[in-house]
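Visitor: Just dropping this structure here.
In this note's numbering, the protein residues as written are 1279 to 1398.
This is how it looks when you write it as structure tokens:
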């Protein structure tokens, strides 16, 4: 009976650890998608700015675009930065939870490797 109980407990702990790892992977995917979206949107804004302020453009439209497009780009950059910051915080919390559920030997090894890699 105790062997079945310990095997079941181990399976649950492994499933929880795998679920946390999957969630971390999804958050990394969200970061990738947000950065791709950000770069693409900045390219469209830059293109609109270049076309709108071209030699054949209307002076009034060019003056308006000269002000609005950079402001829009700055606002967009702040929004993306905030979303990336929240995603990074989510990854940090998920990693902490995953490490709590890991066995001590694995956790010590991982922390040691990560400290060396990420120390500034």
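For every residue, glycine included, the Cβ atom is placed at its ideal position computed from N, Cα and C.
The model shown is predicted, which means the values in this text are computed figures rather than measured ones.
Which of helix, strand or coil does DSSP assign to residue 1311?
Guide: Walking along the chain shown from the start, residue 1311 turns up at place 33. In this structure, residue 1311 counts as helix in the three-state DSSP scheme.
Visitor: Under 8 angstroms by Cβ, that's how I've got residue 1312 and residue 1361 pegged, so tell me the actual separation to the nearest angstrom.
Guide: Your numbering for residue 1312 matches position 34 in the chain shown. Your numbering for residue 1361 matches position 83 in the chain shown. So it is a contact: roughly 6 angstroms between Cβ atoms.
Visitor: Enumerate in chain order the residues of its own chain whose CB-to-CB distance from residue 1323 is below 7 angstroms, with the five nearest sequence positions on each side excluded.
Guide: Along the chain shown, one-based indexing puts residue 1323 at 45. Contacts found: 1347, 1350, 1351.
Visitor: So, for residue 1316: in the same chain, excluding its five sequence neighbours on each side, which residues have a beta-carbon less than 6 angstroms away from its beta-carbon?
Guide: Sequence index remark: in the chain shown, residue 1316 carries index 38 (1-based). Closer than 6 angstroms at the Cβ level, and outside the excluded window around residue 1316, lie 1358.
Visitor: According to DSSP, is residue 1332 helix, strand or coil?
Guide: As a first step, residue 1332 must be located in the chain shown, where it is residue number 54. Note: residue 1332 maps to coil in three-state DSSP.
Visitor: Could you tell me how far apart the beta carbons of residue 1340 and residue 1330 are, in whole angstroms, since I believe they sit closer than 8 angstroms?
Guide: Taking the chain shown and counting its residues from 1, one reaches residue 1340 at position 62. Taking the chain shown and counting its residues from 1, one reaches residue 1330 at position 52. 6 angstroms between Cβ atoms; contact.
Visitor: In the DSSP assignment, the alpha helix (DSSP H) including residue 1355 goes from what residue to what residue?
Guide: On the chain shown, position 77 is the one that residue 1355 refers to. It spans 1337–1379 - the alpha helix (DSSP H) in which residue 1355 sits, taken as one unbroken run.
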